[in-house]
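Take 0 as the starting number for the sequence shown in numbering that gives the first Met the number 0 and just add one per residue. Working notes, structure below.
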Amino acid sequence: MKQWKTLSPVMAYLFFAYATLMIITSYMPVYYQSQGLTAAQIGWLLAIGPFASIFAQPIWGFLSDKYKTIKNVLLVAIIGAVLISFILFQMSSFIGFLVLVFFLFLFVPPLTALGDSLAQKTSAQHNVSFGQLRMWGSIGFGVCSLAIGYLLSIIGIGYLMYPFWFLAAILFITALFLKDVKTTNKPVTLLGALKLRKNKRLLFFLTVIMLVSIGHRTNDSFLGIYITSLGGDESLIGWAWFAGVATETVILATSALWFRRFQAITFITIAAGLYTIRWILMGQLTEPSHILWFQLFHGITFGVFYLCAFQYVTKLIPEELQATGHVLFITIFFGVSGIIGSLFGGWVIESYSHSLLYFCLGGTSFIGMVGLIVYKVLIDKKDKEIKAQTEAAM
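Listed below in structure tokens is the structure:
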């Protein structure tokens, strides 16, 4: 019963955090399109957010580690995001959107990044699967994407701000019930946090992860526009996200059964290969409804990839810098990859086609898969050398 009192607020928070994020990732591109912006302009707007997060994320993570609180940092971030959004939804010009989206993404990214970090710490403290906590974020994303999709097909995409504010208000309330997890008392300094950049194994891994996540983030940004370009409407966008997140939820819910059967890096590499196949096949579609079938791959690709990579990064980071390290990972996974994918995706769509874009995404995922194989070979070789030196010294 005591465990449930601790876990349920985290589950509720993740549900509404990812539901709120869903509106920004799934429907904002379509909202921009409804405001008369071009594909290239939308690409810039989708890139400026991740660009802002590159600066904001490490600061939020460092503050969380330094002051030993995720809850208070989240409350400040939610308030900031809502206040900026009031101005954002009054904009109608490209420059206005560009400025306000930048400021919005100074506050939005930590809502899920630090939420995941808190879930990981809570799961470790209570000896439960991280995936079983994280799946509530996926459920929130999927259920609300379907509900909001139907709502917007009735009231129109121009009223997107109302469901966003409604979900953000509930998110703030759920954050009030969160409890911080006690960690090591070792002091955290800016110099100590900067030492993560000297961790060659971590940096190599994050670089390869970025190559695979470019495809994921590009699809996040342009899936809704791809659907509408094929003749689908807002409700089909909702169904597409629901189909993907439904399988993601199953993967996360059953993670305790499959996660330890192989090394995390093996699962990550397999997911990268499946990403490659998924993007190449999506580039050949002509009917919008067919996207639903390929979105079912989302759980096996993103679900496995993100969960295993997140857990793998955790092992590479000192305990006192867990939140900083997690935020760094998410900054690369969603931020840097988002910038590259958004700018490149907007240019390819406007200059060529959606099909070519997805073929290119298949290529970057394939390169990432090869990079993961090389990474594993190098790490195994290094570990064997260290083991041999240790045995020789004994």
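Here a beta-carbon is modelled for each residue, glycine too, at the ideal position from N, C-alpha and C. If you're wondering where the values come from, they're calculated on a predicted model, not measured in any experiment.
Rounding to the nearest angstrom, what Cα-Cα distance links residue i and residue j in this structure?
i	j	result
serine 354	leucine 291	16 Å
cysteine 143	lysine 383	48 Å
valine 72	tryptophan 59	7 Å
tyrosine 17	phenylalanine 140	5 Å
leucine 105	proline 162	21 Å
proline 49	glycine 214	15 Å
tryptophan 43	threonine 173	33 Å
phenylalanine 333	isoleucine 154	30 Å
tryptophan 257	tryptophan 238	27 Å
glycine 35	lysine 4	47 Å
valine 187	lysine 181	Note on valine 187: pLDDT 42, under 50, position unreliable in the model; no value is reported.
glutamine 406	glycine 361	Summary: the structure shown does not reach residue 406, with the chain confined to residues 0 through 393, and so no result is reported for it.
serine 220	lysine 375	30 Å
alanine 252	glycine 243	14 Å
alanine 112	lysine 380	32 Å
leucine 13	leucine 284	33 Å
phenylalanine 15	phenylalanine 261	32 Å
phenylalanine 129	isoleucine 316	17 Å
proline 45	tyrosine 311	First, the amino acid is wrong: residue 45 is leucine here, not proline. So the two alpha carbons sit approximately 28 Å from each other.
asparagine 198	threonine 330	16 Å
alanine 468	leucine 201	Coverage of the chain is limited to positions 0 through 393, which leaves residue 468 absent and any answer about it impossible.
isoleucine 22	serine 228	19 Å
proline 8	isoleucine 339	35 Å
leucine 175	phenylalanine 85	22 Å
serine 350	glycine 344	10 Å
valine 127	glutamine 119	9 Å
threonine 19	glycine 272	30 Å
phenylalanine 165	glutamate 318	36 Å
Does the beta carbon of residue i fall short of 7 Å from some heavy atom of the ligand FMN?
i	result
cysteine 307	With respect to the ligand FMN, the structure shown offers nothing to examine, as it has no ligands at all.
Got a sec, what are the start and stop residues for the alpha helix (DSSP H) residue i sits in?
i	result
valine 335	Note, valine 335: premise wrong, no alpha helix (DSSP H); not H, not E.
aspartate 232	Note, aspartate 232: premise wrong, no alpha helix (DSSP H); not H, not E.
aspartate 64	38 to 65
lysine 314	303 to 314
threonine 173	160 to 174
proline 287	Here proline 287 belongs to no alpha helix (DSSP H), and DSSP marks it neither H nor E.
asparagine 71	70 to 87
isoleucine 154	129 to 154
serine 33	27 to 33
leucine 103	93 to 103
lysine 120	108 to 125
serine 254	254 to 257
leucine 280	263 to 281
If you compare alpha carbons, which of the options is closest to residue i?
i	options	result
leucine 117	Pro317, Ser350, Leu45, Leu6	Leu6
isoleucine 69	Thr121, Gly35, Val373, Gln310	Thr121
valine 211	Pro57, Ala308, Leu97, Gly367	Gly367
aspartate 179	Leu170, Ala167, Phe101, Tyr66	Tyr66
isoleucine 41	Leu273, Phe96, Leu132	Phe96
arginine 216	Asp64, Gly337, Ile329	Gly337
leucine 377	Asp64, Met90, Phe204, Phe54	Phe204
phenylalanine 93	Val75, Tyr30, Pro108, Pro57	Tyr30
threonine 313	Trp164, Pro108, Ala123, Leu170	Ala123
valine 207	Val373, Tyr26, Pro28, Val9	Val373
threonine 37	Val107, Leu342, Ile156, Cys359	Leu342
glycine 394	Leu170, Gly282, Phe304	Because residue 394 is not part of the residues shown, which for the chain are 0 to 393, the question remains open.
leucine 280	Tyr311, Leu356, Ala167	Leu356
methionine 90	Pro109, Met209, Ser33	Ser33
alanine 245	Leu74, Phe293, Ala76, Ile47	Phe293
glutamine 131	Phe241, Ile226, Ala11	Ala11
tryptophan 278	Phe165, Gln119, Tyr225	Tyr225
Using a threshold of 8 Å, state whether the C-beta atoms of residue i and residue j are closer than that.
i	j	result
serine 137	threonine 275	no
glutamate 233	glycine 148	yes
aspartate 115	histidine 325	yes
leucine 474	leucine 159	Summary: the structure shown does not reach residue 474, with the chain confined to residues 0 through 393, and so no result is reported for it.
leucine 371	threonine 268	yes
threonine 248	methionine 134	yes
valine 254	leucine 306	Here residue 254 turns out to be serine, not valine, going by the sequence shown. The answer is yes: Cβ separation under 8 Å.
phenylalanine 101	alanine 51	yes
isoleucine 250	valine 335	no
glycine 223	serine 63	no
leucine 99	leucine 87	yes
leucine 235	serine 288	yes
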